[in-house]
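**Student:** Quick one: the structure is below, questions incoming.
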Amino acid sequence: MLTDSFVTHQVQRDLQWVINASPIMNPTQCDTDVQLCSLPTLLHLPGDTLGTPGTLTADFAHRRLGLYYENLVNLLLISSPNLLDIKRNIQVSENKRTLGEYDILCRTMQGENLHIECAVKFYLCTGDGSELSHFEGPNRRDRLDIKWNKLINKQLQLSTTHAGRACADTLGLQPARKLLLLQGYLFYPFESWYGDGLPTATLHPLLHTDHNRGWWIRQPDVDAVLTDSFRYQMLNKPFWLHSPDLPTLPYDTLRSELKTINRPQLIARFTRDGDRWHEHDRGFVVPAHW
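Under my numbering, think of the first position of the sequence shown as 7, with each following residue one higher.
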């Protein structure tokens, strides 16, 4: 059971992850008026660290990773001295039909109105990475090409529709700029990760060169790939961003836990640095039939 003190500590770690993590995609490489959202530039926070967010209740850590991530982004926005009139999750309707939703509308201290769409995604690469369709969600119901098209051509174009403009005008927040904050991880087959190296020459040009990345393997290959030279954590939602400050597992315990998995499981590998264990890398272990 999650405690308020654990959630407060973990949120602080995850807020730093959101500020520092590279985006998955780079919209400047395609024909669009959407720009990358640079949080350090946007937030104007003093220094490179945050103050404590105050004591949070366990309810803040919503089981759905996307909602948890949106809560984190909102905490950052409302803590910024540069942003005013922050509005979240604004539905746009026309003739009793919902057309879409603004994730965030806000105004900077300089008087510029912004439309920000934010999402966190974890995709496994099932090809050579040359197509965005090669990147699938762990449940295989989501793909990067589909998500990208929806973000760029629908969600971030909401202010170009009549209903979208009218909604933003009502709030006095007609956006002058559209910003995308898309973070997460892309996971590559383990043989590429530790074999011949990642297929950087063939990766789709819209992928950000510094995106967070990891590996994935099938459960029958666990013994051939994972070893007792690392310690491990099994990461559970919503704490997929910064690995939690929790005890690590020896390989034998992890191996026993992974024997009966029936869905993809995210794990982190840890190496020792002095008297502490630090995350070395992370990856998914998926069932044999995945």
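Here a beta-carbon is modelled for each residue, glycine too, at the ideal position from N, C-alpha and C. This one's a predicted model, so the numbers in the text were calculated from it and none came from an experiment.
Can you have a look at residue 197 and say buried or exposed, based on whether 16 or more other CB atoms are within 10 angstroms of its CB?
**Tutor:** Its Cβ having fewer than 16 others within 10 Å, residue 197 is exposed.
**Student:** Span of the beta strand (DSSP E) holding residue 124?
**Tutor:** Looking at the DSSP string, the run of the beta strand (DSSP E) that includes residue 124 is 119 to 131.
**Student:** How would you write the range of the alpha helix (DSSP H) that residue 18 sits in, first residue to last?
**Tutor:** Unbroken alpha helix (DSSP H) run through residue 18: 10 to 26.
**Student:** Where does residue 142 fall in DSSP's three states?
**Tutor:** In this structure, residue 142 counts as strand in the three-state DSSP scheme.
**Student:** Where does residue 50 sit, in a helix, a strand or coil, going by DSSP?
**Tutor:** Of the three classes helix, strand and coil, the one that applies to residue 50 here is coil, per DSSP.
**Student:** Measuring only the C-alpha atoms, how far is residue 274 from residue 51?
**Tutor:** The straight-line gap from Cα to Cα measures roughly 30 Å.
**Student:** Hey, residue 248 and residue 29: beta-carbon distance below 8 Å or not?
**Tutor:** Not in contact: residue 248 and residue 29 (Cβ atoms no closer than 8 Å).
**Student:** Using a Cβ distance threshold of 8 Å, determine whether the stretch 98 to 108 contacts the stretch 170 to 181, with at least three qualifying pairs required.
**Tutor:** Yes, the stretch 98 to 108 touches the stretch 170 to 181.
**Student:** Check each candidate in 234, 114, 245 and name the one with the smallest Cα separation from residue 14.
**Tutor:** The candidate whose alpha carbon is nearest that of residue 14 is 245.
**Student:** Indicate whether residue 20 and residue 184 have their beta-carbon atoms separated by less than 8 Å.
**Tutor:** No, they are not a contact pair.
**Student:** Measuring only the C-alpha atoms, how far is residue 17 from residue 251?
**Tutor:** When rounded, the distance between both Cα atoms is 11 Å.
**Student:** Using 10 angstroms around the beta-carbon of residue 31, count the other beta-carbons present and answer buried if the total reaches 16, otherwise exposed.
**Tutor:** The residue in question, residue 31, is buried, as its Cβ has 16 or more Cβ neighbours within 10 Å.
**Student:** Short check: CB of residue 290 to CB of residue 199, under 8 Å?
**Tutor:** In this structure, residue 199 does not lie closer than 8 Å to residue 290 by Cβ.
**Student:** Does DSSP put residue 277 in a helix, in a strand, or in coil?
**Tutor:** Of the three classes helix, strand and coil, the one that applies to residue 277 here is strand, per DSSP.
**Student:** Note down the Cα distance separating residue 261 from residue 42, rounded to an integer number of angstroms.
**Tutor:** For residue 261 and residue 42, the distance between alpha carbons rounds to 40 Å.
**Student:** Please list, in chain order, all residues of the same chain as residue 179 whose beta carbon is under 6 Å from its beta carbon, the five residues on each side excluded.
**Tutor:** If we look at residue 179 and ignore the five residues flanking it on each side, its Cβ neighbours are 111, 119.
**Student:** Beta carbon of residue 234, beta carbon of residue 253: below 8 Å?
**Tutor:** Not closer than 8 Å, so no.
**Student:** With residue 76 as the anchor, note down where its alpha helix (DSSP H) starts and where it stops.
**Tutor:** Residue 76 -> alpha helix (DSSP H) spans 71 to 85.
**Student:** Expressed to the nearest angstrom, what Euclidean distance is found between the alpha-carbon atoms of residue 266 and residue 65?
**Tutor:** For residue 266 and residue 65, the distance between alpha carbons rounds to 30 Å.
**Student:** From the DSSP output, in three-state form, read off residue 65 for me.
**Tutor:** Residue state, collapsed to three classes: helix.
**Student:** Beta strand (DSSP E) containing residue 222: first to last residue?
**Tutor:** Taken as a continuous stretch (DSSP letters only), the beta strand (DSSP E) holding residue 222 covers 219 to 224.
**Student:** Going by DSSP in three states, residue 283 sits in which element: helix, strand or coil?
**Tutor:** If DSSP states are grouped into helix, strand and coil, residue 283 belongs with the strands.
**Student:** Alpha carbon to alpha carbon, how far is residue 236 from residue 181? Give it in angstroms, no decimals.
**Tutor:** Going by the C-alpha atoms only, they are around 49 Å apart.
**Student:** Which residue or residues does DSSP assign as beta-bridge partners of residue 104?
**Tutor:** Its beta-bridge partners are 99.
**Student:** For residue 83 and residue 49, I'd like the C-alpha separation in whole angstroms.
**Tutor:** Whole-angstrom Cα-Cα distance: 7 Å.
**Student:** Relative to the alpha-carbon of residue 301, which residue among 240, 107, 23 has its alpha-carbon at the smallest distance?
**Tutor:** Nothing about residue 301 can be reported from this structure: the residues present for the chain run from 7 to 296 only.
**Student:** Whole angstroms is fine: what's the gap from residue 142's alpha carbon to residue 278's?
**Tutor:** When rounded, the distance between both Cα atoms is 32 Å.
**Student:** Measuring only the C-alpha atoms, how far is residue 140 from residue 88?
**Tutor:** Cα-Cα distance, rounded: 38 Å.
**Student:** Grouping DSSP H, G and I as helix and E and B as strand, with all else coil, what is residue 171?
**Tutor:** In this structure, residue 171 counts as helix in the three-state DSSP scheme.
**Student:** Pick out whichever of 228, 133, 193 has its Cα sitting closest to the Cα of residue 144.
**Tutor:** It is 193.
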